[in-house]
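The listed protein sequences correspond, in order, to chains A and B. So the first sequence is numbered by this note's numbering: it starts at 72 and just counts up by one. So the second sequence is numbered by this note's numbering: it starts at 72 and just counts up by one. Ideal Cβ positions, reconstructed from N, Cα and C, are used throughout, including at glycine.
2 protein chains.
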Amino acid sequence: MPEENFKKALFAQFARVARAMSNGHRLELLEFLAQSERSVDELARLSGLTVANTSQHLQQLRQAGLVSSRKAGKRVFYRISGDDVSLLFNSLREVAERHIADVSQLIQTYLEVKDKLEPLPAKELLSRVRDGLVTVVDVRPHEEYATAHIPGAISIPLAELEQRLNELDPDKEIVAYCRGPHCVLAFDAVAMLRERGHTASRFDGGLPEWRLQGHQVETGGVG
Amino acid sequence: MPEENFKKALFAQFARVARAMSNGHRLELLEFLAQSERSVDELARLSGLTVANTSQHLQQLRQAGLVSSRKAGKRVFYRISGDDVSLLFNSLREVAERHIADVSQLIQTYLEVKDKLEPLPAKELLSRVRDGLVTVVDVRPHEEYATAHIPGAISIPLAELEQRLNELDPDKEIVAYCRGPHCVLAFDAVAMLRERGHTASRFDGGLPEWRLQGHQVETGGVG
DNA sequence: CCAGTATTCGATAGATTTCTTGAATGATAC
DNA sequence: GTATCATTCAAGAAATCTATCGAATACTGG
Chain A
72 MPEENFKKAL FAQFARVARA MSNGHRLELL EFLAQSERSV DELARLSGLT
122 VANTSQHLQQ LRQAGLVSSR KAGKRVFYRI SGDDVSLLFN SLREVAERHI
172 ADVSQLIQTY LEVKDKLEPL PAKELLSRVR DGLVTVVDVR PHEEYATAHI
222 PGAISIPLAE LEQRLNELDP DKEIVAYCRG PHCVLAFDAV AMLRERGHTA
272 SRFDGGLPEW RLQGHQVETG GVG
Chain B
72 MPEENFKKAL FAQFARVARA MSNGHRLELL EFLAQSERSV DELARLSGLT
122 VANTSQHLQQ LRQAGLVSSR KAGKRVFYRI SGDDVSLLFN SLREVAERHI
172 ADVSQLIQTY LEVKDKLEPL PAKELLSRVR DGLVTVVDVR PHEEYATAHI
222 PGAISIPLAE LEQRLNELDP DKEIVAYCRG PHCVLAFDAV AMLRERGHTA
272 SRFDGGLPEW RLQGHQVETG GVG
């Protein structure tokens, strides 16, 4: 029965990919990589893991075909190996959200409570940007903004937001975004902006989602 | 830093779902369940696992929210817990295919060589069925056909195909399908039909894919 | 070539999975 | 009530995974 063996072998390979995603740290690394290419030490800093540990996890991701790497000078840069990986990640996120009680509860507790605000779909955001009706604020750290951001967005990391409120037009609607649907930075930003009397809402997604929908991204600068 | 904890907790939950899919046997069970609801002993027979072992795997799938169960008489029937699970499975399959060399090679060796034939997309199949141009053959076992099949398809399991060739109109195109994109039954069927002079092709997917695209299914009978 | 830095490798201990076996639970049929 | 069948639970051995450490490798700049 070569058919049986073929099927088993195939599914074992699929399982390898799933196994690579079966660890919270690796998923976190994957989310960072979905934002942009990064070196091992950056990733280690971002995730709070040791460098050696980060390296090992990255290698597992690479063996599963989820990320690829490139050597430049003394660093190795990792990146997500395709849009289909982002799609897989989102698919996983969606299933988890819908079917696991713990997840919905976590989200309820930490996010939706803060977020009376309905999130904004990408299309809507795009049209408001085109009409010049909104100020788009990227609340991620400056480095992440520099590698890629939504066109026209300005960079104000959450930590700086309070001091830089004067830069924002109080009569214009503000839309904040960060890394993805569950990134808390944007939630906090919106909460604070509303307290200060601004009209603020949250873009329901991050750069990976923006890109997946076929929209352009902008790079460089500390706009 | 409640944000950090929230994120870790969330990703740990996502990881749980991935972990449930990180075993070949569980993926196989999941594929069977994507076809239709089944009892534990059926699944054990289909997968070749012991009943106890099957039960354990099913429980892991249930804890991850991928399947649900229902008790009827002395049996427990399991089913996939939503279309999003099929989507996740397909997403996983796609990433594995695209990025892992071993997988492409496996597929190349066992499937594509047999399949000079281009597979048929669902839309195309549907229109040919409407025009009455094709005979659609379901080559899965009778029981699987009985629980759900593509409307208008007739049931001829691969094992019976050779003896029942006379039932097929030699002037009509034949389209064979089985469980999904990598199910070998349909490949073998098409290969045999072509040898015998029929015009045959393969539908590129199984019932789960058919359903995901919003098409109707038919149940019962041994058409 | 050498010092310094970034990354990977190898080995280890401790935790988790997988599979098997045998017994326990729950529902049906006589 | 008892026998029977489907499923689940429980416990143990073998295999695998995770995190950590120190050492090895590869590159840059001087």
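Alpha-carbon spacing of residue i relative to residue j, whole angstroms
i       : j       : result
G251(A) : A257(A) : 9 Å
P279(A) : S140(A) : 19 Å
G268(A) : P241(A) : 8 Å
L104(B) : P212(B) : 15 Å
G153(B) : T218(B) : 17 Å
C249(B) : E165(B) : 18 Å
A91(A)  : G203(B) : 46 Å
K78(A)  : D112(A) : 39 Å
I227(B) : H170(A) : 36 Å
A262(A) : L98(A)  : 27 Å
L137(A) : Q84(A)  : 13 Å
A135(A) : H96(A)  : 15 Å
A86(A)  : E244(B) : 37 Å
R116(A) : L158(A) : 26 Å
V246(A) : A247(B) : 51 Å
L100(B) : K145(A) : 46 Å
E266(A) : E231(A) : 16 Å
F160(B) : V205(A) : 39 Å
G285(B) : L196(B) : 14 Å
N237(A) : G223(A) : 18 Å
Q127(B) : R150(B) : 15 Å
Whole-Å CB distance - residue i paired with residue j, under 8 Å assumed
i       : j       : result
F82(A)  : R109(A) : Actually they do not touch by this definition, with Cβ atoms about 32 Å apart.
L239(A) : A260(A) : The pair is not a contact, with the Cβ atoms about 11 Å apart (cut-off 8 Å).
V207(B) : V200(B) : 6 Å
V156(A) : L163(B) : V156(A) to L163(B), Cβ: 11 Å. No contact.
V288(A) : I221(A) : 7 Å
L114(A) : T125(A) : 5 Å
A193(B) : W281(B) : 6 Å
According to DSSP, residues forming a beta bridge with residue i
i       : result
R273(A) : A247(A)
T206(A) : I245(A)
F148(A) : S110(A), R141(A)
I221(A) : In DSSP, I221(A) forms no bridge with anything.
L191(B) : F274(B)
E289(A) : H220(A)
S126(A) : Per DSSP, none; premise fails for S126(A).
S226(B) : D209(B)
Neighbour flag for residue i against chain A, beta carbons, 7 Å
i       : result
L278(B) : no
F82(B)  : yes
S93(B)  : yes
F382(B) : In the structure displayed, chain B extends from 72 to 294; residue 382(B) sits before or after that span and is not available.
L132(B) : no
H170(B) : yes
H269(B) : no
V200(B) : no
E231(B) : no
D240(B) : no
Residue i, buried or exposed, once every other Cβ within 10 Å from all chains shown has been counted against 16
i       : result
L129(A) : buried
N94(B)  : buried
M72(B)  : Any answer about M72(B) is weak, because its pLDDT of 43 lies below 50 and its placement is not dependable; what the coordinates show is given next. Exposed, by the Cβ-count rule.
G119(B) : exposed
T290(A) : exposed
V122(A) : exposed
R235(A) : exposed
A167(A) : buried
E215(A) : buried
S198(A) : exposed
T270(A) : exposed
G276(A) : buried
R273(B) : buried
Q176(A) : exposed
E233(B) : exposed
Cβ of residue i within 7 Å of any chain B Cβ
i       : result
D209(A) : no
D275(A) : no
M72(A)  : For M72(A), the predicted structure reports a pLDDT of 43, less than 50, and the residue's modelled location is therefore unreliable. The matter cannot be settled from this model.
A89(A)  : yes
A257(A) : no
D112(A) : no
E165(A) : yes
E266(A) : no
H128(A) : no
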